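Everything on this sheet refers to the single structure shown next.
2 protein chains.
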Amino acid sequence: MVQKNKRPASRARTVTPVAPKRRGRPRAYQPEVALGKALDLFRKGGFAATSLDDLSAATGMNRPSLYGAFGDKRELYIKAYQRYRADAAAAMIDIFRDEQPIRQRLERIFAVALDIYLSGDAGPRGCFTVMTAASEAVADPDIRGMVLEGLAELDKAFAACFRLARQKGELPASADPVVLAQ
Amino acid sequence: MVQKNKRPASRARTVTPVAPKRRGRPRAYQPEVALGKALDLFRKGGFAATSLDDLSAATGMNRPSLYGAFGDKRELYIKAYQRYRADAAAAMIDIFRDEQPIRQRLERIFAVALDIYLSGDAGPRGCFTVMTAASEAVADPDIRGMVLEGLAELDKAFAACFRLARQKGELPASADPVVLAQ
DNA sequence: TGATTTTTATACTGTTCTGCATAATATAAT
DNA sequence: ATTATATTATGCAGAACAGTATAAAAATCA
Numbered sequence: 011m012v013q014k015n016k017r018p019a020s021r022a023r024t025v026t027p028v029a030p031k032r033r034g035r036p037r038a039y040q041p042e043v044a045l046g047k048a049l050d051l052f053r054k055g056g057f058a059a060t061s062l063d064d065l066s067a068a069t070g071m072n073r074p075s076l077y078g079a080f081g082d083k084r085e086l087y088i089k090a091y092q093r094y095r096a097d098a099a100a101a102m103i104d105i106f107r108d109e110q111p112i113r114q115r116l117e118r119i120f121a122v123a124l125d126i127y128l129s130g131d132a133g134p135r136g137c138f139t140v141m142t143a144a145s146e147a148v149a150d151p152d153i154r155g156m157v158l159e160g161l162a163e164l165d166k167a168f169a170a171c172f173r174l175a176r177q178k179g180e181l182p183a184s185a186d187p188v189v190l191a192q
Numbered sequence: 011m012v013q014k015n016k017r018p019a020s021r022a023r024t025v026t027p028v029a030p031k032r033r034g035r036p037r038a039y040q041p042e043v044a045l046g047k048a049l050d051l052f053r054k055g056g057f058a059a060t061s062l063d064d065l066s067a068a069t070g071m072n073r074p075s076l077y078g079a080f081g082d083k084r085e086l087y088i089k090a091y092q093r094y095r096a097d098a099a100a101a102m103i104d105i106f107r108d109e110q111p112i113r114q115r116l117e118r119i120f121a122v123a124l125d126i127y128l129s130g131d132a133g134p135r136g137c138f139t140v141m142t143a144a145s146e147a148v149a150d151p152d153i154r155g156m157v158l159e160g161l162a163e164l165d166k167a168f169a170a171c172f173r174l175a176r177q178k179g180e181l182p183a184s185a186d187p188v189v190l191a192q
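From first to last, the protein sequence lines are chains F and Y.
Read in order, the letters of the first sequence correspond to residues 11 to 192 in my numbering.
Read in order, the letters of the second sequence correspond to residues 11 to 192 in my numbering.
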């Protein structure tokens, strides 16, 4: 996804992500940084309350550049949400992989979650899904799909976590992993 | 609040909430019904995404009437939120009063909560606080105050509930009611 | 150097929004 | 009937908004 705008005919060095000497005027922004700023803004104000002027000011990109890079406002919002989900998943994935007793594992999960929700240059930011995506999901089927998918993933991960704990004898055999995941 | 626009000189029948013969053109709407419609709309779309035209269409009131009755958009939103909180509190209060074992009581609480969140003419509506007020609370101190107050009330109610259960011996003495309320 | 390509910068268009001003309407009081 | 009052109906003004067209700028390529 990072280097997909290489011309097919060019000799692609498939491994090195080195700058491919693009042809025109160079970009004055870094897409990933800009998307991060956009995410912060959407997170703070939601979709409708965040104007393109706000986004333009925060990212340093002017509107045409925003459109060129991310599409219209809705697409940008969706990309920001995807980015948020990817970040959260990356922060969580190693915990679910660790071989720890269930209790410590849950503690670490909640610690990381709180870190995600409460960190931010200007105070706590909360969960993007809850803060903004939930309302958009009511009207926008695509966003609703993403939200449901995310919740299902989270439930599955928790259920797997509990299932593992039951196998290791940390939980009684009667415990239902799916129910425990709430 | 219903009959406060009676002139002080008039012979007020202090008990009967009978129509006090208002003086000008009669209202074409019922404030409480209109506020309910507004609440539904805000609940569906949030603050920014709900326009005064939407509110006007849903309530049947035109914009000047809206302003006359509820003030500007922000005031209307706040009044809608207060109404939501009042409704929810009314639905919950009898449960917290009931003399039931802790387990049945919790079950009823969650049943009523789900009823609030999932009922609606057009599918589930979710919790107003979570769906829309949370994002507004970031920028608006007044709304933030209301949200925090509501959460604190809820926590207190749950804690009281657990405390009572502990006194009645349904929970071990080591259980911390505040922690249990999460 | 000059042509080409990609991005940035500026400005515009049409729409939608909030809030209000003004006029019309309906009721009670005189 | 006429006047006073409270509401409704219409419509306007200024701002903000999303999206785009066009021109300027900065790089590579020939």
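The beta-carbon is built from N, C-alpha and C at its ideal position, and this holds for glycine as well.
No experiment lies behind these values; they were computed from the predicted model shown.
Does any residue of chain F have a CB that is nearer than 8 Å to the CB of residue i?
i: residue 141 of chain Y; result: yes
i: residue 149 of chain Y; result: yes
i: residue 78 of chain Y; result: no
i: residue 136 of chain Y; result: yes
i: residue 59 of chain Y; result: yes
i: residue 19 of chain Y; result: Residue confidence for residue 19 of chain Y is low, a pLDDT of 39 falling below 50, so the modelled location carries little weight; the figure read from the coordinates is stated next. It does not: the Cβ of residue 19 of chain Y has no partner Cβ on chain F nearer than 8 Å.
Looking at residue j and residue i, is the spacing between their C-beta atoms short of 8 Å?
i: residue 157 of chain Y; j: residue 54 of chain F; result: no
i: residue 77 of chain F; j: residue 49 of chain F; result: no
i: residue 70 of chain Y; j: residue 39 of chain Y; result: yes
i: residue 59 of chain Y; j: residue 58 of chain F; result: yes
i: residue 118 of chain F; j: residue 105 of chain F; result: yes
i: residue 51 of chain Y; j: residue 63 of chain Y; result: no
i: residue 112 of chain Y; j: residue 175 of chain Y; result: yes
i: residue 122 of chain Y; j: residue 140 of chain F; result: no
i: residue 155 of chain Y; j: residue 56 of chain F; result: no
For residue i and chain Y, any beta-carbon pair shorter than 8 Å?
i: residue 145 of chain F; result: yes
i: residue 162 of chain F; result: no
i: residue 56 of chain F; result: yes
i: residue 23 of chain F; result: Model confidence at residue 23 of chain F stands at a pLDDT of 40, short of 50, so the residue's coordinates are unreliable; what they give is reported in the following sentence. Chain Y, which has no Cβ nearer than 8 Å to the Cβ of residue 23 of chain F, makes this no.
i: residue 14 of chain F; result: Residue confidence is low: residue 14 of chain F scores 40 on pLDDT, short of 50, so the model does not pin down where it sits. No coordinate-derived value is stated.
i: residue 11 of chain F; result: The predicted position of residue 11 of chain F is uncertain, since its pLDDT is 41 and thus under 50; a value taken from the coordinates is nonetheless stated next. Answer no: the Cβ-Cβ gap between residue 11 of chain F and chain Y never drops below 8 Å.
i: residue 188 of chain F; result: no
Rounded to whole angstroms, what is the Cα-Cα separation between residue i and residue j?
i: residue 9 of chain F; j: residue 135 of chain F; result: Residue 9 of chain F lies beyond the residue range present for chain F, which begins at 11 and ends at 192; the question has no answer from this structure.
i: residue 163 of chain Y; j: residue 186 of chain F; result: 32 Å
i: residue 125 of chain Y; j: residue 73 of chain Y; result: 32 Å
i: residue 184 of chain Y; j: residue 115 of chain F; result: 24 Å
i: residue 37 of chain Y; j: residue 75 of chain Y; result: 9 Å
i: residue 34 of chain F; j: residue 79 of chain F; result: 15 Å
i: residue 66 of chain F; j: residue 46 of chain Y; result: 37 Å
i: residue 146 of chain F; j: residue 101 of chain F; result: 25 Å
i: residue 182 of chain Y; j: residue 169 of chain Y; result: 15 Å
i: residue 179 of chain F; j: residue 109 of chain F; result: 14 Å
i: residue 20 of chain Y; j: residue 41 of chain Y; result: Confidence in residue 20 of chain Y is poor, its pLDDT being 39 and thus under 50, which makes the residue's placement unreliable; the coordinate value appears in the next sentence. Each residue's alpha carbon lies about 24 Å from the other.
i: residue 98 of chain Y; j: residue 160 of chain Y; result: 10 Å
i: residue 13 of chain Y; j: residue 87 of chain F; result: Any reading at residue 13 of chain Y must be qualified, since the residue scores a pLDDT of 40, below 50, and its modelled position is unreliable; the value itself is stated next. Going from the Cα of residue 13 of chain Y to the Cα of residue 87 of chain F covers about 48 Å.
i: residue 189 of chain Y; j: residue 165 of chain Y; result: 10 Å
i: residue 44 of chain Y; j: residue 172 of chain F; result: 48 Å
i: residue 89 of chain F; j: residue 128 of chain F; result: 22 Å
i: residue 82 of chain Y; j: residue 61 of chain F; result: 21 Å
i: residue 26 of chain Y; j: residue 137 of chain Y; result: Caution is warranted here: a pLDDT of 49 is assigned to residue 26 of chain Y, below 50, making its placement in the model unreliable, and the coordinate value is therefore given only provisionally. Taking the straight line from one Cα to the other gives about 36 Å.
i: residue 32 of chain F; j: residue 107 of chain F; result: 40 Å
i: residue 152 of chain Y; j: residue 84 of chain Y; result: 10 Å
i: residue 120 of chain Y; j: residue 120 of chain F; result: 23 Å
i: residue 68 of chain Y; j: residue 68 of chain F; result: 36 Å
| request: For the region 16 to 103 of chain Y, list the alpha helix (DSSP H) runs that are entirely contained and at least 4 residues long, ordered along the chain. | output: 41 to 55, 62 to 69, 73 to 80
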